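Numbering (UniProt numbering), first residue to last: 1 to 328. Idealized CB from N, CA, C, for every residue including glycine. Predicted, not measured: the structure shown is a model, and the values here were computed from it. These notes are about the structure you will find just below.
Okay, structure coming up:
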């Protein structure tokens, strides 16, 4: 066990860092155990509807300006280069984790009045063994009143950052992520920047990580700016958040407006996975509804007449198209 310096706040200059590391709801039967974000079927759907616009995926990457290079390639070399670009894009679209908020640590190890007020400061004791994971590392605090307790999460995060700093993470919250600045940042359509920095700055099950994500998602829905996160690694988290809360009609309407009909079907499919005991999910199972018919059943129950009319027109168009193909 190693003894750290006094427990205090370290001040570092604040600067912007964008790093790419690491409604009316339908009532249903009580079933709080949703499929987790890392479930295989859930991630498969989210990956499918994220989008794969290479221009957008690479356009946001800040790089040093260099002189462009031009190469003459054979067809096989071109296909290989294209395959490499697709592989890099897949890595850039890897979704950050979505977790439930961690339970605060409140465990007292000892009450020792004999050493009470020996010092005016609290002391932090940190196991700095490199073989120990940051999540399970033993960190304790001896308070001025003689109490020895386990460190709370905020204290743990701070001490882990001191001894094992993560690239890009600051000891203080960056200005970009403070509540009083978020509204102005959102007006600049920098939602992706906010989420990128949040992933770097906070642990995925911390209250701050979850709070910033929720504020960002709510602004996306309020301003109907879903396309800002499409073809980014954060789109899956947005969809999962809305599906879990059974608030997907705005998203479906946006997808319809962009003719992303298969994505609409996948969103409803994900809803039924997360809410299998909802009336609309039970109806889909009972009537064996698939594809656009499953989507139509959901829109009929939750959508507006205008949305239903648009869907009916598209389904009619698809039927005519199939009939023409079969006649030919």
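- For residue 67, the secondary structure class from DSSP, reduced to helix, strand or coil, is coil.
- A contact between stretches requires three or more CB pairs, one per stretch, nearer than 8 Å, and the region 129-149 meets this requirement with the region 103-119.
- Remark: C-beta atoms of residue 243 and residue 274 approach each other more closely than 7 Å.
- The C-alpha of residue 171 is placed about 7 Å away from the C-alpha of residue 158.
- Scanning its chain for C-beta atoms nearer than 7 Å, with the 5 sequence neighbours on each side dropped, one finds around residue 186 the residues 219, in chain order.
- Shown here, residue 274 sits in a helix according to DSSP, grouped into three states.
- Two segments are said to touch when three or more pairs of C-beta atoms, one from each, lie closer than 8 Å; by this definition the region 265-274 touches the region 292-312.
- An exposed status is given to residue 67, since fewer than 16 other beta-carbon atoms sit within 10 Å of its beta-carbon.
- By the 16-neighbour rule on beta-carbons within 10 angstroms, residue 317 is exposed.
- Assignment of beta-bridge partners to residue 35 by DSSP yields no partner.
- It is roughly 16 Å from the alpha-carbon of residue 69 to the alpha-carbon of residue 82.
- By the criterion of a C-beta distance shorter than 6 Å, residue 92 is surrounded in its chain by 57, once the five residues flanking it on both sides are discounted.
- Take residue 48, set aside five residues on each side of it, and the residues of its chain with a beta-carbon closer than 7 Å to its own are 266, in chain order.
- Residue 111 carries a strand assignment under DSSP once its states are collapsed to helix, strand and coil.
- Just measuring C-alpha positions, the residue of 212, 129 and 128 sitting nearest residue 238 is 212.
- Secondary structure of residue 222 (DSSP, three-state): helix.
- Note that the C-beta distance between residue 216 and residue 209 is not below 7 Å.
- For residue 150, the enclosing beta strand (DSSP E) stretches over residues 147-150.
- Classified as buried, residue 156 has 16 or more neighbouring CB atoms from the shown chains inside 10 Å of its CB.
- With contacts defined by Cβ atoms closer than 7 Å, residue 134 and residue 160 form a contacting pair.
- Under the rule that a run must span 4 or more residues, the alpha helix (DSSP H) segments found entirely inside the region 186-260 read 191-201, 207-222, 235-244 and 249-257.
- For residue 155, the enclosing alpha helix (DSSP H) starts and ends at 153-163.
- Annotation for residue 46: the continuous alpha helix (DSSP H) segment containing it runs 40-49.
- Per DSSP, residue 86 is one residue of the alpha helix (DSSP H) stretching across 75-92.
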